[in-house]
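S.K.: Got a structure for you, written out below as structure tokens; questions coming shortly.
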Amino acid sequence: MKRITIALAAILIATIPAACQSSNKSNKEKEAIAQETITPVEVPIKEGMARAYFASGCFWCVEAIYESVKGVEESISGYSGGHTNNPTYESSNTGRTGHAEAVEIIYNPDVVSFKILVDVYFGSQNITQVNGQGPDNGSQYRSIIFYQNDEQKKIIETKITALEKEVGEGKVAAQVLPFEKFWIGEAYHQNYERLNPNQGYIRSVSVPRLKKFQKKFPELIKEDAMH
């Protein structure tokens, strides 16, 4: 029995890279189609504040990361990148709505640029992990960086080109998609890391990820946000 178990484990380990490669190829094909067929929606600056949209695994983690950055007024958890209306946590987690857990970043462009937000995005995740971050796996946890215009798209593509010189061509897993719509998540997801500091996932995953990011970019962190 033990030998059978070991053999099964070996098969699973061997098939994981192939599955990731297949998923990444599928994601990139969908990315190319979206870029060709969808015109991005540009969200206007309101009361001096701009908005940007990112997906990078669990939105509890990403929300906390961005809210610690100078110039970011608020980070809102929700869903984007899918094909259904009014997605919920339960429906998006089936992987069938096409949505990923995402965040809306409300920021002051006079203090922090979109380029810096892109640096934060890639600097706070495992850039080669396909359809997930850390222990969270599935299309609903895939990395997506959304652009609203050609300037933003160029900033993203320039960053990816630089990163792929380090990790290899085609190895950056994030999809680059035109922004269409952001659906705000349920109330209990908002500010989850701050309001639930002793929750198991927050202590074991969110806080370590946040600390790792803050250690990497101390110059970007608000004075009162250091963990």
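So the mapping is simple: this note's numbering equals the position in the sequence shown, first residue as 1, plus 3.
All C-beta atoms in this analysis are idealised placements derived from N, C-alpha and C, irrespective of residue type, glycine included.
Quick check on the DSSP output: what are the complete beta strand (DSSP E) runs of length 3 or more inside the stretch 111 to 179, in order along the chain?
M.R.: For the stretch 111 to 179, whole beta strand (DSSP E) runs of length 3 or above, ordered along the chain, are 146 to 150.
S.K.: Who does residue 55 pair with in a DSSP beta bridge?
M.R.: BP columns for residue 55 point to 108.
S.K.: Whole angstroms are fine: how far does the CA of residue 65 sit from the CA of residue 71?
M.R.: Residue 71 and residue 65: Cα-Cα distance of roughly 10 Å.
S.K.: Check whether the stretch 97 to 106 touches the stretch 218 to 228, taking contact to mean three or more Cβ pairs, one atom from each stretch, closer than 8 Å.
M.R.: As far as the Cβ criterion goes, the stretch 97 to 106 does not touch the stretch 218 to 228, which means the pair count is below three.
S.K.: Name the one or two DSSP bridge partners that residue 77 has.
M.R.: Answer is 109.
S.K.: With C-beta atoms as the reference, is residue 143 less than 8 Å away from residue 95?
M.R.: Cβ atoms of residue 143 and residue 95: closer than 8 Å.
S.K.: Determine the extent of the alpha helix (DSSP H) in which residue 182 is found, giving its start and end residues.
M.R.: First-last for residue 182: undefined, no H or E at that position.
S.K.: Going by beta-carbon coordinates alone, are residue 179 and residue 34 separated by less than 8 Å?
M.R.: A contact, by the Cβ cut-off of 8 Å.
S.K.: How is the alpha helix (DSSP H) around residue 67 delimited, first residue to last?
M.R.: 62 to 70 is the span of the alpha helix (DSSP H), which, as asked, contains residue 67.
S.K.: Can you give me the C-alpha to C-alpha distance between residue 167 and residue 190, rounded to a whole angstrom?
M.R.: Approximately 37 Å between the Cα atoms of the pair.
S.K.: In the DSSP assignment, find the alpha helix (DSSP H) that holds residue 216 and state where it starts and stops.
M.R.: 210 to 219 is the span of the alpha helix (DSSP H), which, as asked, contains residue 216.
S.K.: Who are the near neighbours of residue 176 in its chain, counting only those whose CB is closer than 7 Å to its CB and skipping five residues on each side?
M.R.: 27, 130, 131, 132, 133 and 146, listed in sequence order.
S.K.: Just the Cα atoms here: how many angstroms apart are residue 197 and residue 68?
M.R.: For residue 197 and residue 68, the distance between alpha carbons rounds to 11 Å.
S.K.: Does DSSP put residue 48 in a helix, in a strand, or in coil?
M.R.: Looking at residue 48 - three-state DSSP - the assignment turns out to be coil, as it is neither helix nor strand.
S.K.: For residue 224, write down the residues that DSSP places opposite it in a beta bridge.
M.R.: In the DSSP output, where bridge partners are listed per residue, residue 224 has 72.
S.K.: If you run the structure through DSSP and keep just helix, strand and coil, what is residue 8?
M.R.: In this predicted model, residue 8 has a pLDDT of only 36, less than 50, meaning its place in the structure is not dependable enough to derive any value.
S.K.: Report the three-state DSSP secondary structure of residue 187 (helix, strand or coil).
M.R.: In this structure, residue 187 counts as strand in the three-state DSSP scheme.
S.K.: Do the CB positions of residue 141 and residue 135 come within less than 8 Å of each other?
M.R.: Yes, Cβ-Cβ distance for residue 141 and residue 135 is below 8 Å.
S.K.: For residue 199, which residues from the same chain have a beta carbon less than 7 Å from its beta carbon, with the 5 sequence-adjacent residues on both sides left out?
M.R.: Answer for residue 199: 205, listed in chain order.
S.K.: Would residue 181 pass as a contact of residue 38 if the rule is Cβ separation under 8 Å?
M.R.: Yes, the Cβ-Cβ distance between residue 181 and residue 38 is below 8 Å.
S.K.: Just to check my reading of the structure: residue 81 and residue 188 have Cβ atoms closer than 8 Å, yes? What is that Cβ distance to the nearest angstrom?
M.R.: About 4 Å separates the two Cβ atoms, so the contact holds.
S.K.: So, at 7 Å on beta carbons, what are the nonlocal neighbours of residue 174 in its own chain, with the 5 sequence-adjacent residues on each side left out?
M.R.: For residue 174, where only same-chain residues beyond five positions count, the Cβ hits under 7 Å are 131 and 167.
S.K.: Is the beta carbon of residue 108 sitting closer than 8 Å to the one on residue 58?
M.R.: Not a contact, by the Cβ cut-off of 8 Å.
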